[in-house]
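>
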DNA sequence: GGAAAATTTGGTACCGGTAACGTAGACGTT
DNA sequence: AACGTCTACGTTACCGGTACCAAATTTTCC
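Protein chains in written order, with our numbering: chain A, 1 to 319; chain B, 1001 to 1319.
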C-alpha cells in the first residue's frame, strides 16, 4: 500500500520510505500492471479505440496521425481498427475493443450497424464520430460537410463552362463520405444543366493507379467528357497522367479536379484544382474533443473543421 | 462459474442451462470484460503493440496495413505507437504499452535505448523487430538488408556511367535504415570511383516537397551532379518535378533514382529507377512471425523478405 | 434396485492495484 | 499528565473472470 502511494506520488509517506521503494523498483525492474488499476474500476483506462477504413488512402493516414499525436501527448494510447469500409468489420471491431474497457472511441463515418449503435450507446464512454459532419451524432461529431464540398466543386466546374462532366471514384457504397461528395457534386451539375458520367473502380483503394485505369475506362465508355472530378487527389493525379499519355492536354482538352489537397499537390507543375480539407487538423480536433470529453470539459456536439475550394489551374475557364 | 463456461464454449454444461445463460446475456446486453481475463493471468492478452516512426511516410503505412490485416485475422488488436524517429519516444511508448500486458511487440528499427532493451528482454513476450534485417535480434527480426540495397543501387548507377552523384534524404540519424542504405550507397560510389554530395532536409518527413526543395538546395550548393539518389520514391518524384521545372531533362541531363517502388510509380510516364521493397509483404511476414511465436510454433530468428532493383528509365546509360 | 461412474452445477480463492479505514507514534496544547 | 491532532504506514476488501475442487444430479451397468 505504501509502495502504491509512492508510485502514484499521492503523498502520505516519508522521504526515507520513498527512497527505499524506488530502490526496490529499480532493483526489480518493476513495471506496474495498468490492467489491475483499470480492472479495479477506480479510474478509466487510457486506451482510445480509433477506427478508420484503410491506410492505403492518404487522407485517413493524415487523420490518424493527427489523432495519435494529440492523444499521445495527453497520455492516451491508440488502438487501431481498420474496417475496410464495411460495417460488419466495424461492428466486430467495436465489440472486441469495448471488451477491453477503452476510455473512448473515435470512429470514421456516421453510419454503423444497428448492433454497433446499441453497443456504442450503452457503453457509457465518449464516442467521437469523424469525417462526415453529423448533426445528430451518438455523442460528438467532428468533420466537414462532404455534400457541400462536392456541391461547391460542381458549381465551380459548371461556372467555368464545363458541361460534359465525368466522375471517377472507387466505391458505390451509399454510406460513405465520398458518396456524399458525389451526391452534392451531382446536384450541382444538374442544377447547372450539365451531364454527369460516373465510373467506379470497385474493389480497389483510392490511389494513383485506380485513378489512371478508371479514367481509361471512363473514356472508353464513349462519353466525350470535357472535365473529370475524382474521389481524391491521388486518383486525380493518376487520371491526369493517363490523359497526358493519350495526348490530351490538361486543362485545354480536359479539365481535372481532385479532392483533399494532398501533399503531392505541392510539387506538381500545375496547381491541381481541388478542395482543401484539413486532414491533420481534423484528426487533432477529434482527439482534442475526445480528451475534453474524457476530462469532463464541455464540448460542442458538432465541430465543423471546414473546407476550401482551391481553383488551381487544371480546370480553367472554357471559351 | 457456469455462465463463464457457457460463454467460453468450454463444455460441461447442459443445453437448457446454456439457453438460460444466453437469454440473460441478450437481455442484459452483457459484454465480457477481457481485462479481467487477462488480469487473472490465465491467458495472454490479444494486444500487440506496433511502433512505427510516422505515418507521413507511405512505406510505413503499407507495413502497418500489412501487419494489422494479418493480426486482425488472427484475432489480435493493434496498439499503435508513433515514435517520430526518436529512441526517447520509443522508450516511453514501450514502457506504457508493456504496462498493459501486451501479447507481443512489433518494433520498427533495430536500435533501442538501453533501458528499452532491458525492458524488452525482461518482458518475456515475443518481440519482432522489423525493417532493417538484424542478425542478432532480441527475439525475431523481419526485414531486408538496407545496406545491401543501397550498395546495389550505387553499383547500378556507377555501372551506367554516373560519377558525380547526389543524395537527398531527410535525416542524418545514424541509427535508421535510410542511413544504412546511404552507407551502402556511399561505399558503392566510392568503390566505383565516383563523387557523392549529400543533402539532408532535417525536421521533415520523407515526402514529395522535401524531395523538391532538397534538390533545389543540393543544386544550389554548386555541386554539378549528373544523378541523384533519393531516400524514397516520393522524394524522388518531388526532385524529378524540380529538375523538370528548371529545364533539366530526366534522364538526359540528370538521372533520378528512388527507393521503395511506391504506388505512384505505376502512373508515371517514366518508369522510376528504384529498389522494389515488399512493404505489405514485410508487414504480413512480421505479423505472421508474431502469430507463430504467440502460438508456440517454430519461427526463424531472421526472416529476409528481400528487395529487387528496378532499372527503370529515369537513370540510363551515359555516353 | 443400488452402487459406481459420468455429468452438471456451485463455492472458494486468486490475479495486482487501490479505496476506505484502522492504528501506532510524534508532537503540541492546556 | 491527559488529551487532541497530525503523519506514516498497515489491513482488509473489492473489481470480474476462471482454475480448482467439492457437491449435487443424472446416467450407466450389473
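All C-beta atoms, glycine included, are put in the ideal place defined by N, C-alpha and C.
Quick one: list the residues of chain B neighbouring residue 122 of chain A, beta-carbon separation under 9 angstroms, in chain order.
1029 and 1031, listed in chain order.
> Need the endpoints of the beta strand (DSSP E) that residue 1301 of chain B sits in, please.
Note, residue 1301 of chain B: premise wrong, no beta strand (DSSP E); not H, not E.
> Can you tell me which residues form a DSSP beta bridge with residue 1229 of chain B?
Beta-bridge pairing links residue 1229 of chain B to B:1167 and B:1257.
> Are the beta-carbon atoms of residue 232 of chain A and residue 206 of chain A separated by less than 8 angstroms?
Yes, these two residues count as a Cβ contact at 8 angstroms.
> Residues of the stretch 97-121 of chain A with a CB closer than 9 angstroms to any CB of chain B: list them in chain order, please.
From the stretch 97-121 of chain A, only 97, 98, 99, 100, 101, 118 and 119 have a Cβ closer than 9 angstroms to chain B.
> For residue 138 of chain A, which of helix, strand or coil comes out of DSSP?
DSSP places residue 138 of chain A in coil when its eight states are reduced to three.
> What is the rounded straight-line gap between the Cα of residue 256 of chain A and the Cα of residue 267 of chain A?
Cα to Cα, residue 256 of chain A sits roughly 16 angstroms from residue 267 of chain A.
> Can the beta-carbon of residue 228 of chain A be found less than 8 angstroms from the beta-carbon of residue 246 of chain A?
No, these two residues do not count as a Cβ contact at 8 angstroms.
> Taking only beta carbons into account, state which residues of the stretch 1201-1213 of chain B come closer than 8 angstroms to chain A, listed in chain order.
So the close ones are 1207, 1208, 1209, 1211 and 1212.
> What does the alpha-carbon distance come out to for the pair residue 9 of chain A and residue 181 of chain A?
Straight-line Cα distance between these residues: approximately 52 angstroms.
> Fully enclosed by the stretch 1075-1119 of chain B, which alpha helix (DSSP H) runs are 4 residues long or longer?
Segments of the alpha helix (DSSP H) lying fully in the stretch 1075-1119 of chain B: 1087-1098.
> Which residues, in chain order, does the stretch 238-253 of chain A contribute to contact with chain B at a C-beta distance below 8 angstroms?
Listed in sequence order: 238, 241, 242, 244 and 245.
> Is the stretch 1290-1297 of chain B close to the stretch 1149-1156 of chain B, with three or more CB pairs under 8 angstroms?
Segments in contact, no.
> Kindly list the residues whose CB is nearer than 7 angstroms to the CB of residue 1211 of chain B, restricted to its own chain and excluding five residues on each side of it in sequence; keep chain order.
Taken in chain order, the residues that qualify are 1168, 1230, 1234, 1235, 1236, 1237, 1238 and 1239.
> So that I know if they touch, is there some Cβ in chain A lying closer than 8 angstroms to that of residue 1345 of chain B?
Chain B is shown only over 1001 to 1319; residue 1345 of chain B falls outside these bounds and no answer can be derived.
> Can you list, in chain order, the residues of the stretch 1267-1284 of chain B whose Cβ is nearer than 8 angstroms to any Cβ on chain A?
From the stretch 1267-1284 of chain B, only 1267, 1268 and 1269 have a Cβ closer than 8 angstroms to chain A.
> Output yes if chain A places a C-beta closer than 8 angstroms to the C-beta of residue 1292 of chain B; else output no.
False, the Cβ-Cβ gap to chain A never drops below 8 angstroms.
> Can you find the residues in the same chain that come closer than 8 angstroms, C-beta to C-beta, to residue 77 of chain A, ignoring five residues on each side of it along the sequence?
Excluding sequence neighbours, residue 77 of chain A sits near 46, 47, 48 and 71.
> Assess, as a yes-or-no matter, whether the stretch 184-191 of chain A is touched by the stretch 140-153 of chain A under the definition of 3 or more beta carbon pairs within less than 8 angstroms.
Output reads yes: the stretch 184-191 of chain A touches the stretch 140-153 of chain A.
> Determine whether the beta carbon atoms of residue 290 of chain A and residue 128 of chain A lie at a separation below 8 angstroms.
In this structure, residue 128 of chain A lies closer than 8 angstroms to residue 290 of chain A by Cβ.
> Looking at chain B, is there any beta carbon in it that lies within less than 8 angstroms of the beta carbon of residue 170 of chain A?
For residue 170 of chain A, the answer is no, since every Cβ of chain B falls outside 8 angstroms of its Cβ.
> Using a cut-off of 7 angstroms between C-beta atoms, extract the partners of residue 80 of chain A located in chain B.
Simply 1068, 1078 and 1080.
> Closest by CA to residue 1226 of chain B, which one among B:1132, B:1203 and B:1162?
Looking at the Cα atoms, B:1162 is the closest of the given residues.
> Using the beta-carbon of each residue, which ones in chain A are nearer than 7 angstroms to residue 1061 of chain B?
Near residue 1061 of chain B (Cβ distances below 7 angstroms), the residues of chain A are 55 and 61.
> Please report the Cβ distance between residue 1101 of chain B and residue 1038 of chain B, rounded to the nearest whole angstrom; I am assuming they are in contact, meaning their Cβ atoms lie under 8 angstroms.
Yes, residue 1101 of chain B and residue 1038 of chain B are in contact; Cβ-Cβ is about 6 angstroms, under 8 angstroms.
> Alpha carbon to alpha carbon, how far is residue 1094 of chain B from residue 1113 of chain B? Give it in angstroms, no decimals.
When rounded, the distance between both Cα atoms is 11 angstroms.
> For a contact meaning CB atoms closer than 7 angstroms, what does residue 1264 of chain B contact in chain A?
The contacting residues are 208.
> Where does the unbroken beta strand (DSSP E) through residue 51 of chain A begin, and where does it stop?
Where residue 51 of chain A is concerned, the enclosing beta strand (DSSP E) stretches over 47-52.
> Whole angstroms is fine: what's the gap from residue 1216 of chain B's alpha carbon to residue 1243 of chain B's?
Their Cα atoms are separated by approximately 8 angstroms.
> For residue 1203 of chain B, which of helix, strand or coil comes out of DSSP?
Residue 1203 of chain B: coil per DSSP, three-state reduction.
> Would you call residue 221 of chain A buried or exposed, if buried means 16 or more other Cβ atoms sit within 10 Å of its Cβ?
Exposed, since its Cβ has fewer than 16 Cβ neighbours within 10 Å.
> Only counting the same chain, and skipping five residues up and downstream in sequence, which positions put a Cβ closer than 6 angstroms to that of residue 270 of chain A?
Excluding sequence neighbours, residue 270 of chain A sits near 313 and 314.
> Enumerate in chain order the residues of its own chain whose CB-to-CB distance from residue 262 of chain A is below 6 angstroms, with the five nearest sequence positions on each side excluded.
Closer than 6 angstroms at Cβ, skipping near neighbours: 58 and 233.
> What does a CB cutoff of less than 6 angstroms around residue 305 of chain A pick up in its chain, not counting 5 residues either side in sequence?
Once the five neighbours on either side are set aside, the close Cβ partners of residue 305 of chain A are 144, 278, 281, 282 and 285.
> Confirm the yes/no value for this check: CB of residue 1043 of chain B, any heavy atom of the ligand ZN, distance under 7 angstroms.
Judged by which ligands are present, the structure shown has none, so any question about the ligand ZN falls away.
> Just to confirm my understanding: we take residue 1107 of chain B, look at its own chain, exclude 5 residues before and 5 after, and list those with CB closer than 6 angstroms. What are they?
Same-chain partners within the cutoff: 1051 and 1129.
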